[in-house]
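Working notes, beginning with the structure itself.
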Amino acid sequence: MSRIAFRCILNIRSCSTVTSKFDIRFTTPADREQLDILLKRGFHEGENLIKMLDLTYEEMKPVYDKILSNKFTINNSLCAVNNYNGEICATIIFKLLTRGNNYKNYVDESEEEYFKRVVNGNDKLKKCFDIQEKCCEDVWKVFPNDINSIWKTFMLAVLPEYRNMKLASLIMKSREKLCPERFPDLYGDIADCTTLASVKIQNNCGYKNYSKVPYSYIGLPPAPDGSDSVIGNYKILPHYYENKVTE
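In this text, residue positions in the sequence shown follow the numbering used here: the first is 2, and each later residue adds one.
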């Protein structure tokens with residue numbers, strides 16, 4: 002057997018092992034308790050900005066609660082579930098951005114005002130919001146005029162005991178099949194990356210950079226993992242081009 006063929010067999014077995022252990026599905030309101038735990042242990046405790054700004058979980062919890070109370074987010078984010086014990090071990094939390102009228106019913110008009118109240122008087126939270134808002138300025142400039150609504154990858158979380166199992170990549174690749182089936186006219190995605198690991202995962206999935214805001218913008222040094230900026234990434238999803246061919 003050739004080395005190439007042998008390597009292919011190993012890769013197939015590796016993929017089938019991962020997918021047989023984990024089911025990728027959309028989140029539901031019934032997942033709320035597990036998602037709370039996942040965001041605390043799999044996101045908050047390891048996220049660069051949060052650690053460098055020394056934001057406590059108690060300071061961030063109102064933000065997490067508001068995000069998960071969004072109707073679109075809680076029903077349309079993706080999670081990886083351990084098939085042996087039913088534990089949600091990884092998630093990608095999505096929001097929806099729109100410049101049209103198709104999805105206005107999913108937009109929480111009170112969210113922006115709520116976040117303004119939360120960050121009021123908390124300089125650390127304000128810095129966290131400021132740099133991320135700066136990163137996604139003029140995001141629509143990278144999308145064609147006929148794309149009016151997109152996904153926003155808001156948070157990527159993996160429980161510590163499930164890391165190094167390629168779950169983030171598995172969810173990222175699964176979303177390109179699952180998400181268009183549910184919302185066929187959401188053709189793009191944007192994400193703000195604060196770790197080198199998340200940038201690498203997205204680059205491997207075909208994302209491109211559209212903005213970069215250095216941590217020095219809010220008076221921070223480079224992070225311990227070597228990253229020195231919040232990176233804004235975007236992708237026009239494959240089914241956009243597939244639909245163009247059939248038009």
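Built from N, CA and C at the ideal position, the CB exists for glycine as well.
- [ ] Check N234 in the structure and name its three-state DSSP category.
- [x] strand
Task: Whole-angstrom distance between T74 and G189, CA atom to CA atom - done: 16 Å
Open item on the list: Could you compute how far the alpha carbon of Y104 sits from the alpha carbon of P185?
Closed with: 12 Å
Task: Cα-Cα separation, D139 to K22 - done: 40 Å
Task: Sequence-distant residues of the same chain with beta carbon closer than 8 Å to S230, five excluded per side - done: K213, V214, P215, Y216
Open item on the list: I need the DSSP call for L54, collapsed to helix, strand or coil.
Closed with: coil
TODO: For the region 118-180, list the beta strand (DSSP E) runs that are entirely contained and at least 3 residues long, ordered along the chain.
DONE: 150-159
- [ ] Between the Cα of L40 and those of V64, I151, H240, spot the shortest distance and give me the residue it belongs to.
- [x] V64
Open item on the list: Can you tell me whether A6 is helix, strand or coil according to DSSP?
Closed with: Note on A6: pLDDT 36, under 50, position unreliable in the model; the coordinate value appears next. It is helical.
Open item on the list: Beta-carbon within less than 7 Å of D131's beta-carbon, same chain only, minus the 5 sequence neighbours each way: which residues are those?
Closed with: I219
Open item on the list: DSSP three-state label for N210, please.
Closed with: strand
Task: Unbroken beta strand (DSSP E) run spanning T92, endpoints - done: 89-99
Task: Supposed contact pair Y208 and K236 - C-beta distance, whole angstroms, cut 8 Å - done: 5 Å
- [ ] Take every Cβ of the region 86-103, pair it with every Cβ of the region 26-37, and state whether three or more of those distances are shorter than 8 Å.
- [x] yes
Task: Counted within 10 angstroms of its Cβ, other Cβ atoms place Y58 as buried (16 or more) or exposed - done: exposed
Task: For S17, three-class secondary structure by DSSP - done: Its pLDDT being 32, under 50, S17 is placed unreliably by the model, and the measurement read from it follows with that caveat. S17: helix per DSSP, three-state reduction.
Task: Beta-carbon gap between K153 and L97 smaller than 8 Å - done: yes
Task: Cut-off 6 Å between Cβ atoms - residues of its own chain near I191, not counting five sequence neighbours on either side - done: V140, K153, Y235
- [ ] Return helix, strand or coil for P215, following the three-state DSSP convention.
- [x] strand
Task: The alpha helix (DSSP H) enclosing N77, as first and last residue numbers - done: 72-77
- [ ] Please look up how many angstroms separate the CB atoms of G43 and A158, rounded, as I've assumed it's under 8 Å.
- [x] 4 Å
Task: Bridge partner(s) assigned by DSSP for A192 - done: T154, N234
- [ ] Name, in chain order, the residues that DSSP records as bridge partners for R26.
- [x] C80
Task: Rounded distance between the beta-carbons of M61 and I68, thought under 8 Å - done: About 10 Å; that fails the 8 Å criterion.
Open item on the list: Tell me the rounded alpha-carbon separation between E48 and E114.
Closed with: 25 Å
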